[in-house]
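What follows is one structure encoded as structure tokens, with my remarks underneath.
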Amino acid sequence: MLAIEKRVKLLTKKLVIATIAVLSFTSCSEEEPIVKSEYIVGRWVLADGKSVPALNLHENNTYEFEISSNADKNVKGNYTYSKYVLTLKNLFDIVYVVTFKNDNEIVLDEISNTAAPDVLHLVRD
């Protein structure tokens with residue numbers, strides 16, 4: 001009888017440890033946002049409601065940076081996005097670190113030292 005009780009206690013301890021490990025892993029996983037390129041795809045405008053400048057990121061990894069209402073002044077090119085880093089490619093690369101506030105709001109911090117805006121607070125249009 002004593003041997004059975006010891007086995008039950010040992011099994012119970014193992015189950016508790018396994019449960020804690022699974023719960024710890026699950027809770028850590030849920031806190032980290034999912035990073036997929038489709039979350040960055042779309043038309044983004046300034047959070048203050050102005051329609052220009054706007055950044056339009058297409059699924060085929062091309063972009064259009066609308067800097068004025070005149071379409072001739074818009075900048076077009078290709079972009080890459082990986083691990084929270086967005087690189088807009090044209091004559092030179094503009095590199096932004098992307099911070100997701102939620103699925104429809106991002107903050108871009110420029111780290112490439114160009115004439116581009118240092119910080120853009122954007123919402124999905």
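For the sequence shown, position 110 matches number 110 in full-length UniProt numbering, and the numbering has no gaps at all. Note that the Cβ used here is the ideal one computed from N, Cα and C, for glycine as well. No experiment lies behind these values; they were computed from the predicted model shown.
Annotation for Ile-106: the continuous beta strand (DSSP E) segment containing it runs 105-110. Taking all protein chains in view, the Cβ of Leu-55 is crowded by 16 or more other Cβ atoms within 10 Å, so the residue is classified as buried. By the beta-carbon neighbour count (other beta carbons within 10 angstroms, threshold 16), Ile-111 is exposed. Assignment of beta-bridge partners to Asn-56 by DSSP yields Arg-43 and Glu-64. Judged by their CB atoms, Val-41 and Asp-125 are not nearer to each other than the 8 Å cut-off.
Taken through DSSP and simplified to helix, strand or coil, Lys-73 comes out as helix. Burial is judged here by how many other beta carbons sit within 10 angstroms of a residue's own beta carbon; Glu-59 has fewer than 16 and is exposed. Straight across, the Cα-Cα distance linking Pro-53 with Ser-82 is about 23 Å.
For Asp-93, the pairing in a beta bridge is given by DSSP as Lys-89. Straight through space, the alpha carbons of Thr-80 and Glu-64 are spaced by roughly 13 Å. Cβ atoms of Thr-99 and Ile-106 come within 8 Å of each other, at about 7 Å.
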